[in-house]
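Structure first, then comments.
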Amino acid sequence: GQTGPFKDRGGFDLVSQGLSSLMSFTGEPGRPPAKIPVPLCDLNAGIYTAFTILCAYVHRQRTGRGQHIDTSLTDAGLGYTFWQASQFFPSGEPPQPLGSAHEMTAPYQAIRCRDGYIALGAANQNTWTYMCRAIGREDLLANPGYATDGQRRAHYLQLAGELEEEFAKKTRDEWIAILDAAKVPCGPILDMAEAFAHPQIRARGMAVEVDHPAAGRIRVLGFPPKLSETPGKIRRPAPMLGQHTDEVLREFGKGEEEIRRLRAGGVVA
88 GQTGPFKDRG GFDLVSQGLS SLMSFTGEPG RPPAKIPVPL CDLNAGIYTA FTILCAYVHR
148 QRTGRGQHID TSLTDAGLGY TFWQASQFFP SGEPPQPLGS AHEMTAPYQA IRCRDGYIAL
208 GAANQNTWTY MCRAIGREDL LANPGYATDG QRRAHYLQLA GELEEEFAKK TRDEWIAILD
268 AAKVPCGPIL DMAEAFAHPQ IRARGMAVEV DHPAAGRIRV LGFPPKLSET PGKIRRPAPM
328 LGQHTDEVLR EFGKGEEEIR RLRAGGVVA
């Protein structure tokens, strides 16, 4: 950011993940702090900047006055902690890492099956009841330690152990079919190869092909939001090093001889 004692430091996603507390409650209990693999602070800062530009544009349209926009990677990271911060401010207790479990409810986490994991979201009394009946464990409904959402959360490790004993009896897809039929929120935990082969991902067009000048036809990520009138399209791949150097230099008024001289001198690629 442009203010504060760190204003002259460089901005890096990893550093901002640490400074914003994100790494302190990411990962497994008892393990070292974990970095979120996706560059979350970088991405969220870009999203905030885009929205803020729109806000400033509307303000200018209404008043005729522009304004300066200041976006911080660390602020963007803290912006993602709205859930954890809402609990920290009244209690003063910093959130702790929970793996895939949830701070407020259980079972709401990854559960191991015979051949993989599912994301199980039996996060309220109704879905908890539906789940117990669907998996043939109505005895869990009679356990006083699991009677309420708060009690299930307090005993989430014990509960997860009991559930994994049961879920180990069938495959991931078998359990998903059973839970879907019972209206229990769940889904497979996929690796990237499985994700891009999944019919839901394919139906949404999240992998598209483009022509690359060196590699030929390649797959790249599709455009996530879908617009009914002006659908987004990935028209070209990321540029290779120096691919558009001449084009950019010409836009700045450089002639062909000067461009050749810059390239020969190793000034540009």
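The opening residue of the sequence shown carries number 88 in this note's numbering; numbering runs sequentially from there. No residue lacks a Cβ here, since even glycine has one placed at the ideal position from N, Cα and C. It should be emphasised that the depicted structure is a prediction, and the values quoted were computed from it without experimental measurement.
query, result
"Alpha carbon to alpha carbon, how far is residue 255 from residue 290?", "31 Å"
"Which of the three DSSP states is assigned to residue 231 in this structure?", "helix"
"Which of the three DSSP states is assigned to residue 196 in this structure?", "strand"
"Taking its Cβ as the centre, do 16 or more other Cβ atoms sit within 10 Å of residue 305, making it buried, or is it exposed?", "exposed"
"Consult DSSP for residue 31 and reduce its assignment to one of helix, strand or coil.", "Residue 31 lies beyond the range of the chain shown here (88 to 356); nothing can be said about it."
"When you compare each of 296, 347 and 198 to residue 252 by their alpha carbons, which one comes out closest?", "198"
"Between the segment 143-161 and the segment 122-134, do at least 3 Cβ pairs fall closer than 8 Å?", "yes"
"According to DSSP, simplified to helix, strand and coil, what is residue 166?", "helix"
"Nearest to residue 194 by alpha carbon, out of 235, 151 and 231?", "235"
"In the DSSP assignment, find the unbroken beta strand (DSSP E) run with residue 129 in it and report its ends.", "Premise fails: residue 129 lies in the alpha helix (DSSP H), 127-150, not in any beta strand (DSSP E)."
"Spell out a yes or no on whether the segment 266-274 and the segment 216-233 are touching, meaning 3 or more CB-CB pairs, one atom from each, closer than 8 Å.", "yes"
"Check whether the segment 113-124 touches the segment 137-155, taking contact to mean three or more Cβ pairs, one atom from each stretch, closer than 8 Å.", "no"
"Are the CB atoms of residue 259 and residue 275 within a distance shorter than 7 Å?", "yes"
"Do the segment 334-350 and the segment 305-316 make contact, defined as three or more Cβ pairs closer than 8 Å?", "no"
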